[in-house]
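Chains as they are written, first to last, in numbering that gives the first Met the number 0: chain D, 0 to 354; chain G, 0 to 415; chain H, 0 to 293. The C-beta atom is built at its ideal place from N, Cα and C for all residues, glycine as well.
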Amino acid sequence: MINRECGVLKTSYEADMALYPIPLARSTVLGIAIIVFLPFPVLANDYLLSVANLVNIAILGALGLNILTGYTGQVSLGHGAFMSVGAYTAAILATRYHLPFWLALAAGGVMAAAVGSFFGIPSLRIKGLYLAIATLAGQFIIEWSLNHITWISGGIQSSIYVPRPALGGYVINTQRGMYYLILIVVSLGIVAAMNLFRTRVGRAFVAIRDHDVAAEIIGINIFRYKLLSFAISSFYAGVTGVLYTYYLGIANYEQFTIVTSVNFLAMIIIGGLGSILGSIFGAAFITLLPILLRYVVEGIGGLFFTISDVAGVLTNLQLILFGGLIIFFLIVEPDGLKKLWRNITDYFRVWPFPY
Amino acid sequence: MRKRLAHLSVAVAILVLVLALVNPEVTWATHEIVVGLQCDRTGPVQTIGVFLCPGFHDYVKLVNKKGGVEGHKIRVIEIDHKYEVPLGVEAYERFKQQGAVSVSLYGTPNVYALTPRLTEDKIPGTSPGFGRADATDGTRFPYVFPIAASYWSQATASVKYILDHSKGKKGLKIAFLYYDNPAGREPLPIFEKLAKREGFELRTFAVPPPGIEMSAQILDIAQRFKPDWVITHLFGRSPSVSMKELRRVGFPMDHVIGFVWGAAEADAEAAGWSTAEGYLGIQFAGVGSDFPILKEIAKMYRDEGKDPPREMNSTVYYNRGVLIAALHTEAIRQAIKRFGLPVTGEKVKKGFESIKGFTLEGLVPPLEITPNDHEGGGWVRIYQIKGGKWAPMTDWFKAYGDVIQEALKEAAAKGS
Amino acid sequence: MDFFLQLLVNGLMVGALYALVALGFVLIYKATDAINFAQGELVMIGGFIVAVLLGSYGFPLVVAVAGTIVAMIVLAFGVERMILRPLIGRPVIAVIMATIGLASILKGIGPLLFRAETKNVPLPIPDAPLFVSGLLISPIQIVAVAISLIFLALFGSFFLRSRIGIAMRAVADSQQVAMAMGISVERYFALAWAMAGIVSAIGGIIWGNLLGVDVHLSLVGLKVFPVVILGGLDSILGAVVGGLIVGGVESVAAGYIDPYVGGGTKDFIPYLLMIVILMIRPYGLFGKEIIERV
Chain D
0 MINRECGVLK
10 TSYEADMALY
20 PIPLARSTVL
30 GIAIIVFLPF
40 PVLANDYLLS
50 VANLVNIAIL
60 GALGLNILTG
70 YTGQVSLGHG
80 AFMSVGAYTA
90 AILATRYHLP
100 FWLALAAGGV
110 MAAAVGSFFG
120 IPSLRIKGLY
130 LAIATLAGQF
140 IIEWSLNHIT
150 WISGGIQSSI
160 YVPRPALGGY
170 VINTQRGMYY
180 LILIVVSLGI
190 VAAMNLFRTR
200 VGRAFVAIRD
210 HDVAAEIIGI
220 NIFRYKLLSF
230 AISSFYAGVT
240 GVLYTYYLGI
250 ANYEQFTIVT
260 SVNFLAMIII
270 GGLGSILGSI
280 FGAAFITLLP
290 ILLRYVVEGI
300 GGLFFTISDV
310 AGVLTNLQLI
320 LFGGLIIFFL
330 IVEPDGLKKL
340 WRNITDYFRV
350 WPFPY
Chain G
0 MRKRLAHLSV
10 AVAILVLVLA
20 LVNPEVTWAT
30 HEIVVGLQCD
40 RTGPVQTIGV
50 FLCPGFHDYV
60 KLVNKKGGVE
70 GHKIRVIEID
80 HKYEVPLGVE
90 AYERFKQQGA
100 VSVSLYGTPN
110 VYALTPRLTE
120 DKIPGTSPGF
130 GRADATDGTR
140 FPYVFPIAAS
150 YWSQATASVK
160 YILDHSKGKK
170 GLKIAFLYYD
180 NPAGREPLPI
190 FEKLAKREGF
200 ELRTFAVPPP
210 GIEMSAQILD
220 IAQRFKPDWV
230 ITHLFGRSPS
240 VSMKELRRVG
250 FPMDHVIGFV
260 WGAAEADAEA
270 AGWSTAEGYL
280 GIQFAGVGSD
290 FPILKEIAKM
300 YRDEGKDPPR
310 EMNSTVYYNR
320 GVLIAALHTE
330 AIRQAIKRFG
340 LPVTGEKVKK
350 GFESIKGFTL
360 EGLVPPLEIT
370 PNDHEGGGWV
380 RIYQIKGGKW
390 APMTDWFKAY
400 GDVIQEALKE
410 AAAKGS
Chain H
0 MDFFLQLLVN
10 GLMVGALYAL
20 VALGFVLIYK
30 ATDAINFAQG
40 ELVMIGGFIV
50 AVLLGSYGFP
60 LVVAVAGTIV
70 AMIVLAFGVE
80 RMILRPLIGR
90 PVIAVIMATI
100 GLASILKGIG
110 PLLFRAETKN
120 VPLPIPDAPL
130 FVSGLLISPI
140 QIVAVAISLI
150 FLALFGSFFL
160 RSRIGIAMRA
170 VADSQQVAMA
180 MGISVERYFA
190 LAWAMAGIVS
200 AIGGIIWGNL
210 LGVDVHLSLV
220 GLKVFPVVIL
230 GGLDSILGAV
240 VGGLIVGGVE
250 SVAAGYIDPY
260 VGGGTKDFIP
270 YLLMIVILMI
280 RPYGLFGKEI
290 IERV
């Protein structure tokens, strides 16, 4: 995405507010879209596709959290639980009421949005880190409910198997099929989020984040917009949960614990708060880092030792490297990977004549 | 400065990618038989993985040293998934990509998530002593093998032991203290059935995760319910906490039975051996170093000029690792013997289903895995903590097969 | 009624143990304005060190405890120097993220350096419970209560009266203004982490004795969130009172509500209580209220 601005002259406000203000950006986005839709899924093997699927699902979840935390400034530690709400809603609808996949997907999102806005109510009075911990309460309460209310959980195992998703009679049961399905949903999510921040609602979110008292004075109903932000964010989370459920074939609350919530928070902080691109980078980074680290550590360790001899050391080394890399990136660039990316593109923007 | 660091980090990222792509593991020789091993050496259940996985590796190493399985070497791919489901799925996909013919699963949530995939891909996976109990039914779950006593069999065995040792006492009271997650609740229906049938009073007490604090529940047990026996089904650090708390309220330790994940040396070590004295534990693999196969492994290390690994001292988990590896190897051996090469997941599944009378001189129970019974009978042994070690109290036994069959039928009828 | 009293007393005692961990958390928040997600891991490392000093090297208890405290102070200084100093003046959320990274590092280092297997921390405190007018109390709990109260008094007066304590409060209030007034922010950050290191060392010794030492010890970190929020993130008194409330409520809930709803209420009752209190007092019971002006 080397955005050369040379020769781009904006003549109207519309041009300035366009999704891609620079023609070249539009074509790079188009180029990336073509690559992820055509050559990649055709050439990649099942393993690469399975990893790509995990990344794509994570991107959607990270986007949702970024809308709430990055754009509206409300830190949430309950994101994982909102995903599980979507997951169980879809699983119940799909198995007990035999709803088709796309309806279950939407319903999961809507239900999560409703639950999410309910747990957003404390944001009326509670702010900042206190709110973060209050959402943690949501995490534990939802977890407990899924675990103990048998009508929801479907029995002591608290897990519901779902059939493979089917669209118009065609059953999607390969990694490649799932890849396309997930990619389409995620692309819609990205485009919707990009457009959200070109509307009145999106700008209200940003105003609340930047200064809530000032926002109220200029006539923004803070409580309403905060709840709306919780709802939209949880909708994304719910859809993410549904995708996880259909991807794995099972809804199980143990996939959506506090660890998940913290992981998603890590994604958006590492990627960049208040940035769509940041959500994508962060989700890819946090999902791929442990996998890549494993390859690297195994690759290097395997040169000198047999894996089984040093496995105990290697796995702990991965944890240390994971934490170390996070801290390293924070120190290098506290605004996240998106800023790092911007630094690089800024450099090329005027290259080769930097002055 | 800022810019240079940025460049450096990009360079590092590219290096990482290149290293990942030229990973030597990707190219694999066709004559090797690949077995996938999910393992947790980090994450919430790492205290088990660090002993269990070396046991698995050591057994396979021994088999390979002795010429492999019917002349074919086995290669184990170990992947640590930190008990996280997405990483577990990724690990499984990598096993599949590298041609694994069987997979040793790890962690109940992972077993749940991977069950549909194993069936679709026709790769057998094992979940010894954990996972879903109804996977015993091989007709419903053709590619999942509990291969050792499931939580249901552990429940029936513990009740059998109690009834045998209370000599027809009237008004017997049993408390069941369990970790409050799906794995912890798994045996509840069996206990309820048994309470009705044998006429004892059952009350259950839940310990919420992370299970580091349960004094209120133990007080409730000791001061309000006052049971004759306590059965505990706990994970992680909570078994040792339960030992300490039960000792504190003065409950007799020899009337406490722990399920398989609360019955290791580590649990007694954490609580203090003297505190745990008398505590009973269920085992699905032999405990102690007094087995020929373990001596062979120790000798293999000495022949290399090394000391046997420290992990061997934690015999409960290490021996379980050996058991799991031995059953995988035996299944592959049966597969080659009966169906020839190349080895496939389908053949190994049938290999598992023909395991019989494979005991490694006492380390493995007298299993008999059949297409209907993937658990192999549900054999356990009860051990007791005596003078700083686990001492056997019973021989291999199983109990109430009819109750389990009934529960399996109900589970099949309910579907899900 | 007796049973209720027993549950309550027991819960309060456990609450004192929570307070011990929460104190370290509050100390760091008070001085650096950051939620420390690695508090449980710090306790774990403290436990590992004392277990190894006692078990593998066989040092006498006093030496082992002193060694642990010194080691934890060194570790805390190291953490401050390597991780937090470069982040001074950066967004609070970056610091929080850094502590999540730190938690991952410590979780790797602990088992790597000290081996993953479970170790115990034998303390010369009898296991046998005492009976105080019919109530069952274990000696270790009394020790925990005593230590919590001592820390409360020490840190309380330190922040209120000593020059250093006042400077630390200034740093927490506004790093920039503090710098402008000639206060060395770095120094007080280091000091805050060192104090948290001491508290974590003690927490590691006592919780290590209760649970045994391995990576699970870090789970005590999860218990502190309702405690500190209830009491107020920046209040030392709040940490202690919050700990007692959470411990007591948990215990009574487990005894009286669990049988009706199928268990596990301990998990979220403290959080429910926390939300209710937050709706009335958004900065916790003893937290400092921030007055906002445009």
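In three-state DSSP terms, what is VAL131 (chain H)? In the displayed model, VAL131 (chain H) falls within a strand according to three-state DSSP.
Out of G:ALA284, G:PRO186 and G:ILE76, point me to the one whose CA is closest to GLY361 (chain G)'s CA. Relative to GLY361 (chain G), the option among G:ALA284, G:PRO186 and G:ILE76 whose CA is nearest is G:ALA284.
Kindly list, in the order they appear in chain D, the residues whose Cβ is closer than 7 Å to that of TYR111 (chain G). What TYR111 (chain G) touches in chain D: SER158, ILE249 and ASN251.
Around the Cβ of SER429 (chain G), are there at least 16 other Cβ atoms within 10 angstroms (buried) or fewer (exposed)? The shown model of chain G, from 0 to 415, leaves out residue 429 (chain G), and the question about it has no answer.
Any beta carbon from chain G within less than 8 Å of VAL50 (chain D)'s own beta carbon? Yes, VAL50 (chain D) counts as interfacial toward chain G.
Short check: CB of ILE331 (chain G) to CB of VAL68 (chain G), under 8 Å? Taking the C-beta atoms as reference points, VAL68 (chain G) is found nearer than 8 Å to ILE331 (chain G).
Cβ-based neighbour list, ILE34 (chain H), same chain, cut-off 6 Å, excluding 5 preceding and 5 following: Result list for ILE34 (chain H): ILE95, in chain order.
DSSP beta-bridge partners of SER103 (chain G): Assignment of beta-bridge partners to SER103 (chain G) by DSSP yields G:LEU36 and G:THR125.
Taking C-alpha atoms, which residue in G:ALA132, G:TRP260 and G:ARG196 lies nearest to LYS159 (chain G)? When G:ALA132, G:TRP260 and G:ARG196 are compared, the shortest CA-CA separation from LYS159 (chain G) is found for G:ARG196.
Beta carbon proximity, THR117 (chain H) to chain G, threshold 8 Å: Output row for THR117 (chain H): interface = yes.
Return the CA-CA distance between PRO364 (chain G) and VAL321 (chain G), expressed in angstroms with no decimal places. So the two alpha carbons sit approximately 13 Å from each other.
Quick one: is ASP420 (chain G) buried, meaning 16 or more other Cβ sit within 10 Å of its Cβ, or exposed? Any property of residue 420 (chain G) remains undetermined from this structure, which presents chain G solely from 0 to 415.
For ILE82 (chain H) versus ALA97 (chain H), is the C-beta distance shorter than 8 Å? Going by beta carbons, ILE82 (chain H) and ALA97 (chain H) fall inside the 8 Å limit.
Can you pull the chain D residues whose beta carbon is under 8 Å from the beta carbon of ASP266 (chain H), in chain order? In chain order: PHE139, GLU142 and TRP143.
Using a 10 Å radius around the Cβ and a threshold of 16 neighbouring Cβ atoms, would you call TRP150 (chain D) buried or exposed? Classification of TRP150 (chain D): exposed, given that the 10 Å Cβ count is below 16.
Taking Cβ to Cβ, would you say LEU284 (chain H) is nearer than 8 Å to ILE276 (chain H)? Yes. Within cutoff.
In angstroms with no decimal places, state the Cα-to-Cα distance between TYR224 (chain D) and LEU42 (chain D). If you take the alpha carbons of TYR224 (chain D) and LEU42 (chain D), they lie about 44 Å apart.
Using only CA atoms, which one of G:LEU104, G:LYS121, G:THR118 and G:GLY271 lies nearest to PRO145 (chain G)? The residue with the shortest Cα to Cα distance from PRO145 (chain G) is G:LEU104.
Determine the closest residue to ARG226 (chain G) out of G:LEU293, G:HIS254, G:GLY210 and G:TYR178, with distance taken between C-alpha atoms. For the sequence presented, residue 226 (chain G) should be read as Pro rather than Arg. Among G:LEU293, G:HIS254, G:GLY210 and G:TYR178, the Cα nearest to that of PRO226 (chain G) belongs to G:HIS254.
What residues are listed by DSSP as bridge partners for GLY280 (chain G)? The partner list for GLY280 (chain G) (beta bridge, DSSP) reads G:GLY257 and G:TYR382.
So THR239 (chain D) is in the alpha helix (DSSP H); what residue range does that whole segment cover? It spans 221 to 247 - the alpha helix (DSSP H) in which THR239 (chain D) sits, taken as one unbroken run.
Would you list the one or two residues that DSSP bridges to GLU295 (chain G)? DSSP, once it has assigned bridges, lists no residue as partnering GLU295 (chain G).
Beta-carbon separation of ILE354 (chain G) and LEU326 (chain G) under 8 Å? Their beta carbons are under 8 Å apart, which means ILE354 (chain G) touches LEU326 (chain G) by this criterion.
Under 7 Å Cβ-Cβ, which residues of chain D neighbour PHE224 (chain H)? Within chain D, the C-beta atoms nearer than 7 Å to that of PHE224 (chain H) come from ILE132 and LEU135, in chain order.
With a Cβ-Cβ cutoff of 8 Å, do ILE285 (chain D) and ASN262 (chain D) count as a contact? Closer than 8 Å, so yes.
Opposite ILE189 (chain D) in the DSSP bridges: which residues? Under the DSSP definition of a beta bridge, ILE189 (chain D) lacks any partner.
What is the residue span of the beta strand (DSSP E) that PHE196 (chain D) lies within? Boundaries cannot be given for PHE196 (chain D), as no beta strand (DSSP E) includes it and DSSP labels it neither H nor E.
I'd like the list of long-range same chain contacts for ALA112 (chain D), defined as Cβ closer than 6 Å, with 5 residues on each side in sequence excluded. So the qualifying residues of the chain are ALA230, SER233 and PHE234.
Where HIS450 (chain G) falls, given that 16 or more other Cβ within 10 Å makes a residue buried: With chain G covering 0 to 415 only, the question about residue 450 (chain G) has no answer from this structure.
How should VAL21 (chain G) be labelled, buried or exposed, when 16 other C-beta atoms within 10 angstroms of its C-beta is the threshold for buried? Note on VAL21 (chain G): pLDDT 48, under 50, position unreliable in the model; the coordinate value appears next. VAL21 (chain G) sits exposed, since fewer than 16 C-beta atoms from the chains shown fall within 10 Å of its C-beta.
Can you check which of these residues, G:TRP378, G:ILE189 and G:ILE32, is closest to ILE76 (chain G) by C-alpha distance? When each option's Cα is compared against that of ILE76 (chain G), the closest is G:ILE32.
Going along the chain, which residues of the region 40 to 51 of chain G sit with their C-beta nearer than 7 Å to a C-beta in chain D? Cβ contacts with chain D: ARG40, THR41 and VAL49.
What's the call for PHE2 (chain H), buried or exposed, on a 16-neighbour Cβ count within 10 Å? Classification for PHE2 (chain H): exposed.
Cross-chain neighbours of GLU185 (chain G) in chain D, by beta carbon under 9 Å: Within 9 Å Cβ-Cβ: ILE155 and GLN156.
Which residues of the region 319 to 344 of chain D have a Cβ closer than 7 Å to any Cβ of chain H? Give them in chain order. If the cut-off is 7 Å between Cβ atoms, the region 319 to 344 of chain D has ILE319, PHE321, GLY322, GLY323, ILE325, ILE326, LEU329, ILE330 and PRO333 near chain H.
Can you give the Cα-Cα distance for TYR399 (chain G) and ALA156 (chain G), rounded to whole angstroms? Their Cα atoms are separated by approximately 8 Å.
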